[in-house]
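Chemist: Numbering of the sequence shown is given in our numbering, commencing with residue 24 and proceeding in unit increments. Got a structure here, written out as structure tokens. Questions coming.
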Amino acid sequence: MRPPGERLAVVIATYRRPQGLARLLDCLRAQGFPEDRLSVVVVNDGSHDPRYARVLARHAAWARYVSLPRRGGPSRARNAGARSCGGDALVFTDDDCEPPRDWLRRLSDALDRFPAAAAVGGPVSGLAGRAGGLVERYLTEIGYQGPWRPSGRVAGLCTANLAVRRGWFERVGGFDERLPYAGGEDFELCRRLLEAGGELAWAVDWLNRHRHPSSPWDLCRRFFFYGYGAALSARHRGGPLPDGLPRAASIPRFIASLPQLLRDARAPLGAELDRDQPLGRLLAFHSMAVLRVLSFQTGGLCAMRGRPFRDGSLLRLL
24 MRPPGERLAV VIATYRRPQG LARLLDCLRA QGFPEDRLSV VVVNDGSHDP
74 RYARVLARHA AWARYVSLPR RGGPSRARNA GARSCGGDAL VFTDDDCEPP
124 RDWLRRLSDA LDRFPAAAAV GGPVSGLAGR AGGLVERYLT EIGYQGPWRP
174 SGRVAGLCTA NLAVRRGWFE RVGGFDERLP YAGGEDFELC RRLLEAGGEL
224 AWAVDWLNRH RHPSSPWDLC RRFFFYGYGA ALSARHRGGP LPDGLPRAAS
274 IPRFIASLPQ LLRDARAPLG AELDRDQPLG RLLAFHSMAV LRVLSFQTGG
324 LCAMRGRPFR DGSLLRLL
């Protein structure tokens, strides 16, 4: 008889997405995972939308609810959720995800396969996939939210589909709450897990489904915050900037570097995109690659300059 696996605690940080949260909770309820091995905690990150009360009332019998008085960002919300629940492994996903029915079972199997891993991640597919709009198809084509492997070794996993063993999570202090926005806080946590001697595992069969950005504005906003978080994390630890960020905080030097940035944006497309795409779609994908790189660079520049958004006003863009 197979011994029972690790107890799972699903932690969901939510803000202004009651309908997305409702879909996610419905998906979790349909998992059929053993109740004695599962807990679910929802952390409302300062949203006062009255629809949350109706959503949580439907799931009050099995999901714990934590409401923060004001918004502090996903790092703080996830840490609050982790403190409020038990579980051997903390499972993080987003309120715009809709996991398939076997999501928790496949995670449990992955944790059994990687007993020494500090964290396990898996692939994230767009809900619309290649049937969606151009932005969603582009992100699907380039493997958006896949593992970061700068040197062949898994070095970064995204919180849309991430499980961290509690002992490791507590050893490194959880998410860095100095990163107030949704962008880069997951890779920053992974960096500290690796520095503490942990290993990151990639479970290729542990799939989650995510509502990818669907408009050019959504694309720009998302990658702006990725760049902002990556640069802010580097500033906090006094380390080198990650590849892809501007080398200086000078706006004139940033502008002067734009031609090279545009070349860098086009360079990976040969590997990223199916060259059999129609010409119009390829041109659109090239444009999105440029937007992606420029947004990432601009976010990094804002964090490096150190002045903007100290009052939290940037949160209104999310």
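All C-beta atoms, glycine included, are put in the ideal place defined by N, C-alpha and C.
1) Rounded to whole angstroms, how far is the Cβ of G104 from the Cβ of A186, which I believe are closer than 8 Å?
2) Helix, strand or coil: which one does DSSP assign to D111?
3) Note down, one range per segment and in chain order, each alpha helix (DSSP H) of at least 4 residues found wholly within the segment 41-79.
4) Let's see if you can read the secondary structure: which residues bound the beta strand (DSSP E) around G95?
5) Residue ranges of each alpha helix (DSSP H) run of no fewer than 4 residues wholly in the segment 188-276, ordered along the chain?
6) Among P146, D119 and R52, whose alpha-carbon lies nearest the alpha-carbon of R39?
7) Spatial neighbours of R93 within its chain, please: CB distance less than 8 Å, with the 5 preceding and 5 following residues excluded, ordered by chain position.
8) Tell me which same chain residues have a C-beta within less than 7 Å of the C-beta of E121, skipping the five on either side of it?
9) Flag this pair as touching only if the segment 99-115 and the segment 72-79 have three or more C-beta atom pairs under 8 Å; answer yes or no.
10) Once the 5 residues before and after A294 are set aside, which same chain residues still bring their CB inside 8 Å of it?
11) Below 8 Å, how does it come out for the segment 234-252 and the segment 134-146: are there three or more Cβ pairs, yes or no?
12) Just mark P138 as buried or exposed, buried being the case when its beta carbon has 16 or more other beta carbons within 10 Å.
13) Do you know how far the Cα of D125 is from the Cα of G55?
14) Name the DSSP bridge partner or partners of S310?
15) Taking 6 Å as the limit between beta carbons, can you name the residues of its chain near A19, skipping five residues before and five after?
16) Relative to the C-alpha of G329, which residue among L242, L202, V33 and V195 is closest?
17) Taking buried to mean at least 16 other C-beta atoms within 10 Å of its own C-beta, is L324 buried or exposed?
18) Excluding five sequence neighbours on each side, which residues of the same chain lie with their C-beta closer than 6 Å to the C-beta of L200?
19) Apart from the five residues just before and just after L212, which ones in its own chain have a Cβ nearer than 6 Å to its Cβ?
20) Using only CA atoms, which one of R176, R160 and R106 lies nearest to R189?
21) With a Cβ-Cβ cutoff of 7 Å, do L314 and L242 count as a contact?
22) Taking 7 Å as the cut-off, decide whether the C-beta atoms of D209 and C181 are in contact.
Modeler: In terms of the structure at hand:
1) Residue 104 sits at position 81 when you count from the first residue of the sequence shown. Residue 186 sits at position 163 when you count from the first residue of the sequence shown. Rounded, the Cβ-Cβ distance is 14 Å, inconsistent with contact.
2) Locating residue 111 in the sequence shown gives position 88, where the first residue counts as 1. Three-state result, D111: coil.
3) As far as the segment 41-79 is concerned, its whole alpha helix (DSSP H) runs of at least 4 residues are 41-52.
4) Against the sequence shown, residue 95 aligns to sequence position 72. Run containing G95: none; DSSP gives neither H nor E here.
5) 189-194, 208-218 and 239-260, all fully within the segment 188-276.
6) As a working note, residue 39 is residue 16 in the sequence shown. Closest by alpha carbon: D119.
7) For this step, residue 93 is matched to residue 70 along the sequence shown. Within the same chain, Cβ atoms closer than 8 Å to the Cβ of R93 are found at G69, the five residues on either side in sequence being excluded.
8) Here the question's residue 121 lines up with position 98 in the sequence shown. Contacts found: R46, L47, C50, L150 and R232.
9) Because the criterion of three Cβ pairs below 8 Å is not met, the segment 99-115 and the segment 72-79 do not touch.
10) As a first step, residue 294 must be located in the sequence shown, where it is residue number 271. Confidence at A294 is low in this model, with a pLDDT of 45, below 50, so its placement is unreliable and no value can be given for it.
11) Between the segment 234-252 and the segment 134-146 there are fewer than three C-beta pairs closer than 8 Å, too few to call the two in contact.
12) Counted from its first residue, the sequence shown places residue 138 at position 115. When all chains shown are included, P138 counts as exposed.
13) The residue given as residue 55 occupies position 32 in the sequence shown. The residue given as residue 125 occupies position 102 in the sequence shown. Within the model, the alpha-carbon separation for G55 versus D125 is close to 8 Å.
14) Residue mapping note: residue 310 aligns to position 287 of the sequence shown, counting from 1. Looking at the DSSP output, S310 bridges to nothing.
15) Here the chain has residues from 24 to 341 only, and residue 19 is not among them.
16) Residue numbering aside, residue 329 sits at position 306 when the sequence shown is read from its first letter. Closest option to G329, Cα to Cα, is L202.
17) Along the sequence shown, read from residue 1 onward, the residue named residue 324 stands at position 301. Buried, because 16 or more other Cβ atoms sit within 10 Å of the Cβ of L324.
18) For the purposes of this step, residue 200 is identified with residue 177 of the sequence shown, where counting begins at 1. As written in the sequence, residue 200 is Glu, which differs from the Leu given in the question. If we look at E200 and ignore the five residues flanking it on each side, its Cβ neighbours are S98 and R99.
19) In the sequence shown, residue 212 corresponds to position 189, counting from 1. Closer than 6 Å at the Cβ level, and outside the excluded window around L212, lie F198.
20) The sequence position of residue 189 within the sequence shown is 166, counting from 1. Of the candidates R176, R160 and R106, the one whose C-alpha sits nearest the C-alpha of R189 is R106.
21) Position 291 of the sequence shown, counted from the first residue, corresponds to residue 314. Position 219 of the sequence shown, counted from the first residue, corresponds to residue 242. With respect to the 7 Å criterion, L314 and L242 are classified as neighbours on the basis of their beta carbons.
22) Taking the sequence shown and counting its residues from 1, one reaches residue 209 at position 186. Taking the sequence shown and counting its residues from 1, one reaches residue 181 at position 158. Yes.
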